[in-house]
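Enquirer: Below you'll find the structure I mean.
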Amino acid sequence: MSGLFSLASKRALVTGANTGIGQAIAVALAGQGAAVTCVGRRACDETVERIEAAGGTADSLLLDFADPMAAKEVFKGAGYTLLVNNAGIIRRADSVDYSEEDWDAVVDVNMKALFFTCQAFGRELIAKGQEGAVVNIASLLSFQGGIRVPAYTASKHGVAGITKILANEWARHGITVNAIAPGYIATNNTEALREDAERSKAILERIPAGRWGDPEDIGGTAAYLCSRAARYVTGAVLNVDGGWLAR
Ligand code: NAP
Numbered sequence: 001m002s003g004l005f006s007l008a009s010k011r012a013l014v015t016g017a018n019t020g021i022g023q024a025i026a027v028a029l030a031g032q033g034a035a036v037t038c039v040g041r042r043a044c045d046e047t048v049e050r051i052e053a054a055g056g057t058a059d060s061l062l063l064d065f066a067d068p069m070a071a072k073e074v075f076k077g078a079g080y081t082l083l084v085n086n087a088g089i090i091r092r093a094d095s096v097d098y099s100e101e102d103w104d105a106v107v108d109v110n111m112k113a114l115f116f117t118c119q120a121f122g123r124e125l126i127a128k129g130q131e132g133a134v135v136n137i138a139s140l141l142s143f144q145g146g147i148r149v150p151a152y153t154a155s156k157h158g159v160a161g162i163t164k165i166l167a168n169e170w171a172r173h174g175i176t177v178n179a180i181a182p183g184y185i186a187t188n189n190t191e192a193l194r195e196d197a198e199r200s201k202a203i204l205e206r207i208p209a210g211r212w213g214d215p216e217d218i219g220g221t222a223a224y225l226c227s228r229a230a231r232y233v234t235g236a237v238l239n240v241d242g243g244w245l246a247r
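Heads up, the sequence shown stops at 247 in the UniProt record's numbering, and the numbers go up one at a time, no gaps.
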C-alpha cells in the first residue's frame, strides 16, 4: 500500500526549479516518488542531477514566463497531474518612482503567467477527467503591504485570489488548488535584504523561530499539498514563515 504522503507514479511540473525554493520543491516531490519536470528559463541541470543522484526521476524543460502563455501547450497528452507554480521575480523601487516596465515584468511572470499556466493544466485535467493538485507560491506580501515592492505585492495578492477562484471552480473536478506563503527564505530573491545589515537584523528580530527559512522548509509543505494527505485541503494560502504572521 502506498503511504498517505506518497507521490509514486505521479508526474509533476515545477516552475523556476533551477535554484532556491523551486529546486527544493522539485527535490522534495521527487523524494516522494514523483517524476518531476524542472522548468526554467535556464536549464535545470543541477536540480536534475541532485534528483537522479538520490535515485529519483527528473527532466528539464526550458520555458520563459516573460511570455505569460509559455506553458500553453506543455500539458497536452503529457500526463502531468501535479503543478507547482514557483517562478517569480521581484523589483524594488519607491512607489513614487516605480516604472511601468518593472510593473509589467513582475506582474507578467508572477501573476499572469501563473494564471495561464494553471489554465492550461486545468483544461487538460478536466478534459481527461483526471484529478490533480496545483500549488502556487504566494508570499507574506499576499497578506501584508511590504516596502518598495508595489508590483510584487500586487502580484502576490493576485496569486492568493487566483488560488481561491480556481479552488472554487475546480474542486468538483477533484483538482485541489492551494498556495504556500513562504516567510523570509534564504535564496537569491532575498540576497539584497540579507546584505542590508539593518533590514536583516529587524527581520530576524521579528521571526519567532529566530532564523531565516531554508528552501527545504517549503519543499516539504509543497509535497504534502500534492499528496493524498491533503485531498480535502483546497483554496488555502498556507504561511510557512517561522511564526512571522502570528506575531
Ligand atoms: P530565486 O532563487 O530568485 O528563484 C526564482 C525562480 O524563478 C528561478 O528559478 C528563476 O529563474 C525563475 N524565474 C524568474 N523569472 C522567470 C521567467 N521569466 N521564466 C522562467 N523562470 C523564471 O527566488 P526564490 O526565493 O527561490 O523564489 C521562488 C518563489 O518564491 C518566487 O515566486 C518568490 O516570489 C517566492 N517567495 C520567495 C520568498 C523568499 O523569502 N525567498 C518569500 C516569499 C515568496 P532564473 O534563475 O533563471 O532567474
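A virtual CB, placed ideally from N, CA and C, is assigned to each residue, including glycine.
Would you mind sorting ALA151 into buried or exposed? The rule is 16 or more other CB atoms within 10 Å of its CB.
Expert: buried
Enquirer: Compare the Cα-Cα distances from residue 249 to each of ASP94, GLN23, THR153 and GLY88 and report the closest residue.
Expert: With the chain covering only 1 through 247, there is no way to say anything about residue 249.
Enquirer: Kindly examine the ligand NAP and report whether one of its heavy atoms sits closer than 7 Å to the Cβ of PHE116.
Expert: no
Enquirer: Residue ranges of each alpha helix (DSSP H) run of no fewer than 4 residues wholly in the segment 31-57, ordered along the chain?
Expert: 45-53
Enquirer: Is LEU61 close to the ligand NAP? I mean its beta-carbon at under 7 Å from any heavy atom of the ligand.
Expert: no
Enquirer: For the ligand NAP, is there a heavy atom less than 7 Å away from the beta-carbon of ALA209?
Expert: Taking the Cβ of ALA209 as the reference point, every heavy atom of the ligand NAP lies at 7 Å or farther away.
Enquirer: Verify the contact flag: residue 308, CB atom, against every heavy atom of the ligand NAP, threshold strictly below 7 Å.
Expert: Only positions 1 to 247 of the chain appear in this structure, which leaves residue 308 out of reach.
Enquirer: Please give me, in chain order, every unbroken run of the beta strand (DSSP E) with length at least 3 that falls completely inside the segment 155-208.
Expert: 175-182
Enquirer: Return yes when the C-beta of VAL109 is under 7 Å from any heavy atom of the ligand NAP, and no when it is not.
Expert: yes
Enquirer: Report all residues from its chain with a CB closer than 6 Å to the CB of TRP212; omit the five preceding and five following residues, and keep chain order.
Expert: TYR184 and ALA186
Enquirer: Once the 5 residues before and after ALA15 are set aside, which same chain residues still bring their CB inside 6 Å of it?
Expert: Contrary to the premise, residue 15 reads as Thr rather than Ala in this sequence. For THR15, where only same-chain residues beyond five positions count, the Cβ hits under 6 Å are VAL39, ASN85, ASN86 and ALA87.
Enquirer: Restricting to Cα atoms, I'd like to know which of ALA230, GLY122, ALA43 and ALA202 is closest to LEU166.
Expert: GLY122
Enquirer: Is it the case that the Cβ atoms of LYS10 and THR57 are separated by a distance below 8 Å?
Expert: No.
Enquirer: Looking at residue 258: is its Cβ nearer than 8 Å to the Cβ of ALA113?
Expert: Nothing can be reported for residue 258: it is not among the residues displayed for the chain, which extend from 1 to 247.
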